[in-house]
Every structure is written in structure tokens, then in C-alpha cells.
Amino acid sequence: MAKSGLASRLYRGEAGLNIVGRRKLWFTVAGVLVLIAVLSFAVRGFSLGIEFAGGNSFQVPASVGTLEQAESKVDEALAAEGGGAEVVTAQKVGSTSGEYYELRTSQLSADQANAVKAKMADEFGINADQISGSQVSEAWGSQVTSRALLGLVIFVLVVAAYLVLRFEWRMAVAAIISLFMNLILTAGIYSLVGFEVTPSTIIGFLTILGFALYDVVVVFDKVQENTRGITANNNQTYGEAANLALNQSLMRSLNTSVVALLPVGGLLFIGAGLLGAGTLKDLGLVLFVGMAMAFLTSILLSTPLLVLLKNQDPRIDAHTKRVLARRGAIARGEITPRGAARQAAAEEATDEPIDPEAAALAGSAPKVGARPAAKRSAGARGGRPAGGGGNRPGGAKRR
Numbered sequence: 001m002a003k004s005g006l007a008s009r010l011y012r013g014e015a016g017l018n019i020v021g022r023r024k025l026w027f028t029v030a031g032v033l034v035l036i037a038v039l040s041f042a043v044r045g046f047s048l049g050i051e052f053a054g055g056n057s058f059q060v061p062a063s064v065g066t067l068e069q070a071e072s073k074v075d076e077a078l079a080a081e082g083g084g085a086e087v088v089t090a091q092k093v094g095s096t097s098g099e100y101y102e103l104r105t106s107q108l109s110a111d112q113a114n115a116v117k118a119k120m121a122d123e124f125g126i127n128a129d130q131i132s133g134s135q136v137s138e139a140w141g142s143q144v145t146s147r148a149l150l151g152l153v154i155f156v157l158v159v160a161a162y163l164v165l166r167f168e169w170r171m172a173v174a175a176i177i178s179l180f181m182n183l184i185l186t187a188g189i190y191s192l193v194g195f196e197v198t199p200s201t202i203i204g205f206l207t208i209l210g211f212a213l214y215d216v217v218v219v220f221d222k223v224q225e226n227t228r229g230i231t232a233n234n235n236q237t238y239g240e241a242a243n244l245a246l247n248q249s250l251m252r253s254l255n256t257s258v259v260a261l262l263p264v265g266g267l268l269f270i271g272a273g274l275l276g277a278g279t280l281k282d283l284g285l286v287l288f289v290g291m292a293m294a295f296l297t298s299i300l301l302s303t304p305l306l307v308l309l310k311n312q313d314p315r316i317d318a319h320t321k322r323v324l325a326r327r328g329a330i331a332r333g334e335i336t337p338r339g340a341a342r343q344a345a346a347e348e349a350t351d352e353p354i355d356p357e358a359a360a361l362a363g364s365a366p367k368v369g370a371r372p373a374a375k376r377s378a379g380a381r382g383g384r385p386a387g388g389g390g391n392r393p394g395g396a397k398r399r
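Residue 1 is where the sequence shown starts when you use the UniProt record's numbering, and the numbers rise one by one after that.
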């Protein structure tokens with residue numbers, strides 16, 4: 001029979017991917033990525049929106065031309081009246097009153113903002129009343145950030161308490177570390193690529209926390225099921241049972257992530273890319289990046305980290321040593337595995353290797369010519385009728 005493909009083996013949990021066994025590789029990769037992210041935080045920083053950095057916003061009717069033309073003319077107005085200010089972002093926004101361009105600039109004083117607005121009206125050939133402007137203080141962004149950090153702390157505390165009650169403290173520690181790793185790597189991508197950080201981005205960051213936690217809990221639930229009473233089994237270590245749980249839940253995690261990423265991708269690429277909804281772009285981008293990172297960290301980091309913590313437990317450590325010592329003794333021929341002697345004798349008699357599964361089925365099947373294992377009647381003796389006389393009817397005597 002031909003071997004089944006990788007996809008079908010993944011669905012059955014039989015892919016045999018050695019994820020936990022290569023945990024040093026995943027830890028090294030994660031450490032390097034975190035180092036790159038931290039260096040990016042220190043060197044490049046973040047591209048903050050005007051809600052966090054402060055600035056001015058101007059709305060111009062879309063009838064003045066293309067977005068590129070509008071941005072170019074605003075740059076000219078800023079160069080003439082803005083005192084060195086520049087356009088930070090430009091996007092097309094739709095509303096019930098029609099479409100318009102929203103151009104956000106660096107911080108301007110009140111006099112500079114009025115002068116730039118008049119210059120823009122002259123450049124576009126429209127009335128100054130058709131251009132609306134507003135000023136945003138960075139204090140509002142600081143307040144949003146502090147509230148978000150407070151929400152993050154409360155969320156982590158509640159999650160840690162739940163995981164300790166539902167599983168154990170080692171699983172709680174592994175899940176929280178995986179959660180923070182997800183946030184750091186997502187923020188690192190934002191810093192490296194230069195994506196703009198807006199209030200929608202902060203909301204997206206808080207949203208991906210729940211998704212990342214859900215993925216980890218799904219995997220840990222299977223790990224707990226596979227490792228229950230593991231110390232009574234000398235054939236499998238805790239790491240091997242956890243790796244089996246990963247293979248069994250891998251396809252479920254993948255399907256969950258794909259199903260979650262499809263609507264977010266539609267929100268990002270269709271809503272923001274085709275329809276030009278800038279707010280959807282800010283929200284969809286962080287959700288897409290964060291959910292993808294949550295899938296990777298829940299598979300490649302959380303469970304290997306859990307195994308590392310569990311191996312510090314004296315009971316698990318002693319159990320692992322027993323399993324490895326038994327395997328070494330079997331490899332040296334000092335111990336014969338259960339059922340191996342009978343199989344070796346059968347192979348020697350037939351000069352052919354015997355499939356263990358086929359041998360087990362053959363041992364349970366009735367032999368040729370054997371009587372059915374039926375229950376005898378209460379009066380039966382030796383398989384004969386109770387009345388005696390063997391097969392002679394009535395038990396009549398020979399004359």
C-alpha cells in the first residue's frame with residue numbers, strides 16, 4: 001500500500017514532526033528575532049501617528065485631482081508657509097458627504113496652520129472653506145497608551161490565574177512568555193517595516209492577545225491529556241508525549257488560524273487596498289501580522305518551553321532517566337521487550353519477519369478445527385449428554 005501524503009498524515013496526527021526535540025533551534029531563532037526587534041526599537045523606533053506624536057490634519061475634496069497630486073501641492077504649501085513641516089501620511093477617505101483626501105502633517109502653530117490652509121486653497125483653486133483642518137495633541141495618544149498598558153496588565157493577571165487553575169503554573173508561565181513573545185515580534189515587524197502606529201493599532205494589539213491565548217490553550221489541553229499519568233509509563237518521556245500532542249493538534253491550530261486570517265485578510269486587502277479605507281488598514285494590518293505570529297509561537301515556542309520547564313520537575317526528570325536507561329538496556333540486549341521473545345521464536349521457525357500487528361490479530365483468532373467457546377449446559381459431562389450412554393440413544397445396554 002502506498003504511503004499516505006503529508007496532508008492526510010497531518011489530519012490524523014501521524015506526521016511525526018519532531019518539534020519539541022528541536023527546541024534549542026526554536027529558542028535560538030526566537031532569541032535572535034527578539035534581539036533584532038529590541039535593536040529596532042532602540043534605533044528606528046516607531047512611526048507614530050499624529051494621535052501619538054501630535055500634528056495637524058487637513059481634509060481636501062477628492063475632486064482636486066489624484067492623491068499624489070494633492071500630496072505634492074500640500075508639500076509645496078508646507079514648504080512655503082509651514083516652517084519645514086511635511087506630510088506624514090495621506091489617504092483617501094469616504095463619507096456620506098463624498099470622498100476626500102486626509103493629509104496629516106507635522107505639528108504646526110495656529111498661525112502656520114491658517115497660512116498653510118490659505119496656500120493650499122490657492123494651489124488647488126478652491127475656496128478655503130472647502131478645506132477643513134484640525135490639530136491633535138500628543139497628550140491624547142499618551143492617555144490611550146496608558147489605558148492600553150493597564151488593560152494589558154489586568155488581562156495577563158486574569159489569564160495567569162485561569163491557567164494555573166485550569167492546568168498548572170508551568171503551563172501558565174509558558175503561555176504568558178509565548179504571549180509576550182507574540183507581542184514583541186509583532187511590534188518588531190511594525191518597527192522594522194515602518195508601519196504607522198495609530199489608536200486602531202493599539203486596539204488590534206489588545207485583540208490578538210485573546211487569539212494567541214486560545215491557540216495555546218488548545219495545544220496545552222491536548223498535552224495535558226497525553227501526559228496524564230506519564231510517570232507510570234516507562235516507554236515514553238514527557239517531551240515525546242507533548243510532541244505527539246503537538247502533532248495531533250497541529251492541523252486544528254492551522255485550520256483555526258487560516259479561518260481567522262481569511263476575513264482579516266479581506267478586511268486588509270479589499271477594505272484598505274481596494275476601497276481605500278485607511279482605518280481598516282490600521283486595524284487589519286496588526287490583526288493579520290499578530291494572528292500569524294500567534295500561530296507560530298503557539299506551536300514552536302509555548303510547548304517546547306513547557307517541556308523545558310517540566311524537565312526541571314524532579315519526578316519528570318527521574319522518569320525521563322528511567323525511560324532512557326531502559327532503552328539503553330534494550331539496545332545492549334540486557335532487557336528483552338515484552339512480547340519480543342515470542343516474536344523472535346516465530347520468526348526463527350518460519351525464517352520470515354512477522355508483523356507485530358498481524359501476529360496479535362492471529363493470536364486472537366480461533367484455530368482451525370477448534371470448537372466454539374460455547375458455554376456448556378449445567379448437566380453436561382465431558383461434552384456428553386447428561387443421560388449418559390454416549391451416542392447411543394436412550395443409553396440402552398448391549399445384549
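Note that beta-carbon positions come from the ideal geometry of N, C-alpha and C, so glycine has one too.
Member of D122, T28, I189, A174 whose CA lies at the smallest distance from the CA of L213: One-based indexing of the sequence shown puts residue 213 at position 213. Nearest to L213 by alpha-carbon distance, out of D122, T28, I189, A174, is A174.
Distance, V259 Cα to A121 Cα: Taking the first residue of the sequence shown as 1, we reach residue 121 at position 121. Taking the first residue of the sequence shown as 1, we reach residue 259 at position 259. Rounded to the nearest angstrom, the two C-alpha atoms are 47 Å apart.
Of the listed residues P314, N127, I176, nearest to D215 (C-alpha basis): Counting from one through the sequence shown, the residue named residue 215 turns up at place 215. It is I176.
Status (buried if at least 16 other CB within 10 Å, exposed otherwise) for Q312: The count along the sequence shown starts at 1 and reaches residue 312 at position 312. Result: exposed.
Cα-Cα separation between Q59 and A42, rounded to whole angstroms: For this step, residue 59 is matched to residue 59 along the sequence shown. For this step, residue 42 is matched to residue 42 along the sequence shown. Here the alpha carbons of A42 and Q59 stand approximately 34 Å from one another.
Span separating the alpha-carbon of L246 from that of L254: If you number the sequence shown from 1, residue 246 lands on position 246. If you number the sequence shown from 1, residue 254 lands on position 254. L246 and L254: Cα-Cα distance of roughly 11 Å.
Bounding residues of the beta strand (DSSP E) (the contiguous stretch that carries V64): In the sequence shown, counting from the first residue as 1, residue 64 sits at position 64. Premise fails: V64 is in no beta strand (DSSP E) and is neither H nor E.
Simplified DSSP assignment, three categories, for F48: Counting from one through the sequence shown, the residue named residue 48 turns up at place 48. The sequence as given places Leu at residue 48; Phe does not occur at that position. DSSP, reduced to helix, strand and coil, places L48 within a strand of the structure shown.
4-residue-minimum alpha helix (DSSP H) runs that sit fully inside the region 168–227, ordered along the chain: Runs of the alpha helix (DSSP H) lying entirely within the region 168–227 and spanning at least 4 residues, in chain order: 169–193, 199–227.
Test item: CB-CB of N182 and V20 under 7 Å: Looking up residue 182 in the sequence shown gives position 182. Looking up residue 20 in the sequence shown gives position 20. No.
I19, DSSP secondary structure in three states: For this step, residue 19 is matched to residue 19 along the sequence shown. In the structure shown, I19 sits in coil (DSSP, three-state: anything other than H, G, I, E or B).
Beta strand (DSSP E) segment containing S132, residue limits: Reading the sequence shown from its first residue, position 132 is the one you call residue 132. For S132, the uninterrupted beta strand (DSSP E) segment begins and ends at 132–136.
6 Å Cβ shell around K321 - same chain, five flanking residues per side excluded: As a working mapping, residue 321 is identified with position 321 in the sequence shown. Its chain contains no residue whose beta carbon lies nearer than 6 Å to that of K321 once the 5 sequence neighbours on both sides are disregarded.
Per-residue DSSP class, three states only, for V43: As a working mapping, residue 43 is identified with position 43 in the sequence shown. In this structure, V43 counts as helix in the three-state DSSP scheme.
Span of the alpha helix (DSSP H), counted from its first residue to its last, around G114: On the sequence shown, position 114 is the one that residue 114 refers to. Note that residue 114 corresponds to Asn in the displayed sequence, not to Gly. That run of the alpha helix (DSSP H) goes 110–124.
Local conformation of S57 per DSSP, three classes: If you number the sequence shown from 1, residue 57 lands on position 57. For S57, the three-state secondary structure derived from DSSP is strand.
Beta-bridge partners of L103, as assigned by DSSP: Along the sequence shown, read from residue 1 onward, the residue named residue 103 stands at position 103. Beta-bridge partners of L103 (DSSP): F58, A90.
Chain-order list of residues whose beta-carbon lies under 6 Å from that of D282 (same chain, five-residue window excluded): Residue mapping note: residue 282 aligns to position 282 of the sequence shown, counting from 1. The answer, listed in chain order, is T198, S200, T201.
At least three beta-carbon pairs within less than 8 Å, the region 37–55 to the region 135–146: Judged by Cβ distances under 8 Å, the region 37–55 makes contact with the region 135–146, as three or more pairs qualify.
V223 beta carbon less than 7 Å from that of residue 455: No statement about residue 455 is possible, as the shown extent of the chain runs from 1 to 399 and does not include it.
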